[in-house]
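Have a look at the structure below before the remarks.
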Amino acid sequence: MNSDKKSLVIYFSHTGENYMKDGIRNINKGNTEVVAEFIRKITNCDLFKIEPLKSYPYNYSECCNVAKEELNNNRRPELVNYLDNIDNYDVIYVGNPVWWGYPPMVIYTQLEKLNWDGKIVMPFTTHEGSGLANSVSEIKKIALGADVKEGLAIFGSDVNNSKSIIENWIKQNNML
């Protein structure tokens, strides 16, 4: 990637109880945040963390119930802060966990407020078996006018050892 292109990671990540390969575990840093920070280290990009005004529950089952209710009712939870525009960026990495086969609804809250025309979008997910699920197709619906590249799915249980996988994905898409 030419050094004159500026990049940003927009992501949502959940801490607390998370479903992992070995069952429900408490994590102090969300899996998607770990990936976002690797992307920052690799590309020297900016980060924007999506934070809901009302935090998702710590408890895994309660969080699942809230996430399912938001999805079923097409809710857009309010955010602590909103990114007003992405005008100064050429490449936007969009990251989220996969909940019920879709990005969490807080992703929609933020992404729908932005003008995507002419941007390159690099979607990524963290999951425990669903891969990208509907994340890329949903981002394509929102990011009208953008060139949405092939997404990257990383098992949440494996995020801490995923830096080389992330770097290869970035290189394969000519972003380095």
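Each step along the sequence shown adds one to the number in the working numbering, with nothing skipped, and position 61 is 52. By construction, the Cβ of each residue, glycine as well, lies at the ideal position given by its N, Cα and C atoms. Keep in mind that this is a model prediction, so the values were computed, not measured.
Within 10 angstroms of the Cβ of residue i, are there 16 or more other Cβ atoms? Answer buried if so, exposed if not.
| i | result |
| --- | --- |
| residue 71 | exposed |
| residue 79 | exposed |
| residue 110 | buried |
| residue 163 | exposed |
| residue -7 | Residue confidence is low: residue -7 scores 44 on pLDDT, short of 50, so the model does not pin down where it sits. Its coordinate-derived value is still stated next. By the neighbour-count rule (16 or more Cβ atoms within 10 Å), residue -7 is not buried but exposed. |
| residue 140 | buried |
| residue 2 | buried |
| residue 152 | exposed |
| residue 44 | exposed |
| residue 102 | buried |
| residue 155 | exposed |
| residue 147 | buried |
| residue 61 | buried |
Determine the extent of the alpha helix (DSSP H) in which residue i is found, giving its start and end residues.
| i | result |
| --- | --- |
| residue 58 | 51 to 63 |
| residue 154 | 154 to 163 |
| residue 150 | Neither: residue 150 is in no alpha helix (DSSP H) and is coded neither H nor E. |
| residue 31 | 22 to 34 |
| residue 143 | It is not in any alpha helix (DSSP H) - residue 143 instead sits in the beta strand (DSSP E) that spans 143 to 146. |
| residue 130 | 126 to 133 |
I'd like to confirm the pairing. Which residues does DSSP put opposite residue i in its beta bridges?
| i | result |
| --- | --- |
| residue 138 | 111 |
| residue 93 | 90 |
| residue 11 | 14 |
| residue 40 | 2 |
| residue 84 | 0, 113 |
| residue 70 | 43 |
Is there a Cβ of chain B sitting closer than 8 Å to that of residue i, yes or no?
| i | result |
| --- | --- |
| residue 79 | In the displayed structure, chain B is absent; only one protein chain is listed. |
Measure the beta-carbon distance from residue i to residue j and round it to whole angstroms, keeping in mind my assumption that it falls under 8 Å.
| i | j | result |
| --- | --- | --- |
| residue 8 | residue 49 | 6 Å |
| residue 23 | residue 120 | Contact flag wrong, Cβ pair sits at about 16 Å. |
| residue 138 | residue 112 | 7 Å |
CB of residue i to nearest heavy atom of the ligand SAM: below 7 Å?
| i | result |
| --- | --- |
| residue 47 | Although the ligand SAM was asked about, the structure shown includes no ligands whatsoever. |
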